[in-house]
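The structure appears below as structure tokens.
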Amino acid sequence: MARLAMVVMLIFLVITMPLAQTQEDGSDQVSWANRNDNGKETVTNLQFYFHDTLSGKNPSAVRVAQANQTNTSPTGFGVLMMVDDPLTVAPDPNSKLVGRARGFYGSAGQTELALIMVMNFGFTGGIYNGSSFTIATLNPALNPVRELSIVGGTGIFRLARGYVIARTYSLDPTTGNAIVGYNATLVTFI
Ligand SMILES: *[C@@H]1O[C@H](CO)[C@@H](O)[C@H](O)[C@H]1NC(C)=O
Ligand SMILES: *[C@@H]1O[C@H](CO)[C@@H](O)[C@H](O)[C@H]1NC(C)=O
Ligand SMILES: *[C@@H]1O[C@H](CO)[C@@H](O)[C@H](O)[C@H]1NC(C)=O
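Letter by letter, the sequence shown follows residues -22 to -1, 1 to 168 of mature numbering (1 follows the signal peptide of the UniProt record, and there is no 0).
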């Protein structure tokens, strides 16, 4: 009897497990994002990794301008980089792509590394596909943790305000290649 119950249970598990999986995949929920509303506002938390690659055949960040003193400046003051960086769910560059960061950053600090960043974060995953937010912020990139300001958005992020907590995951001092963890908190009206 007990054995029969176990067989029935196993069959039940085998049948229902793939079904639950399908339901999870088919819904709007995505692993890197979380949304909560209080009836007036929605708070969205997004977590993803930003891959800024300066070296190799296909760099995602390229130098487009510099000042006379950039090469002699300890902070590369005056350099301007144009960026089209992939955003993924995990630090591994081959993990699932959820969007791209497009815009530019430049060195705006003469005595310490202070990047000025103006960038659009456009998403392609789940219900966020087609939506974006924009940052316009100073980024003291050598600090292990930085706070960046979100100044607006489009689509699901229309009228967004918010901030990003950015943490360097890896930085190659020779090439400047960096992987940065982004934890964005956005508030939008319902
Ligand atoms: C930049 O350097 C070049 C050569 O050293 C010089 O001719 C030019 O006037 C400099 N430009 C500025 C804006 O200082
Ligand atoms: C995102 O939207 C575009 C344009 O509507 C569509 O072509 C694409 O398949 C969508 N991607 C995903 C992952 O849903
Ligand atoms: C990201 O930020 C949210 C909201 O502040 C916080 O709850 C969460 O723990 C943070 N995640 C990480 C990995 O820091």
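C-beta atoms are modelled at their ideal positions from N, C-alpha and C, and glycine is treated no differently. Values in this document were obtained by computation on a predicted structure and should not be read as measured data.
Mind reading off the beta-carbon distance from residue i to residue j? Whole number of angstroms is fine, and I expect it under 8 Å.
{"i": "Ala138", "j": "Val96", "result": "Ala138 to Val96, Cβ: 16 Å. No contact."}
{"i": "Gln88", "j": "Phe55", "result": "5 Å"}
{"i": "Thr31", "j": "Ala43", "result": "Their Cβ separation, rounded to whole angstroms, is 19 Å, which puts Thr31 and Ala43 out of contact at 8 Å."}
{"i": "Thr146", "j": "Ala156", "result": "6 Å"}
{"i": "Leu65", "j": "Phe99", "result": "7 Å"}
{"i": "Tyr27", "j": "Val158", "result": "7 Å"}
Please go through the same chain and pick out, in chain order, the residues whose beta-carbon is closer than 7 Å to the beta-carbon of residue i, but skip the five residues on each side of it.
{"i": "Ile94", "result": "Tyr83, Gly84, Ala86 and Leu116"}
{"i": "Asp150", "result": "none"}
{"i": "Arg124", "result": "Asn117, Pro118 and Ala144"}
{"i": "Gln(-2)", "result": "Interpretation of Gln(-2) is limited by its pLDDT of 31, a score under 50 that renders its predicted location unreliable; the figure taken from the coordinates is listed afterwards. Here the set comprises nothing."}
Would you check whether ligand 2 has a heavy atom nearer than 7 Å to the C-beta of residue i?
{"i": "Gly108", "result": "yes"}
{"i": "Gly103", "result": "yes"}
Can you tell me whether residue i is buried or exposed, with buried defined as 16 or more other CB within 10 angstroms of its CB?
{"i": "Val57", "result": "buried"}
{"i": "Ser148", "result": "exposed"}
{"i": "Gly34", "result": "exposed"}
{"i": "Asp70", "result": "exposed"}
{"i": "Gly108", "result": "exposed"}
{"i": "Thr50", "result": "exposed"}
{"i": "Gly131", "result": "buried"}
{"i": "Thr152", "result": "exposed"}
{"i": "Gly140", "result": "buried"}
Can you list, in chain order, the residues of its chain whose CB lies under 6 Å from that of residue i, leaving out five sequence neighbours each side?
{"i": "Gly103", "result": "Val8 and Val76"}
{"i": "Val129", "result": "Thr112 and Ala114"}
{"i": "Leu91", "result": "Thr53, Ala119 and Leu120"}
{"i": "Ala11", "result": "Leu24"}
{"i": "Gly17", "result": "none"}
Give me, in chain order, the residues of the same chain whose beta-carbon lies closer than 8 Å to that of residue i; leave out the 5 immediate sequence neighbours on both sides.
{"i": "Glu19", "result": "Val165, Thr166, Phe167 and Ile168"}
8 Å is my cut-off, CB to CB: does residue i come that close to chain D?
{"i": "Ala11", "result": "In the displayed structure, chain D is absent; only one protein chain is listed."}
TODO: Any chance you could list the beta strand (DSSP E) runs of at least 3 consecutive residues sitting entirely within the stretch 78 to 147, in chain order?
DONE: 93 to 101, 110 to 117 and 123 to 132
Task: Complete alpha helix (DSSP H) runs within the stretch 6 to 65 (minimum length 4 residues, chain order) - done: none
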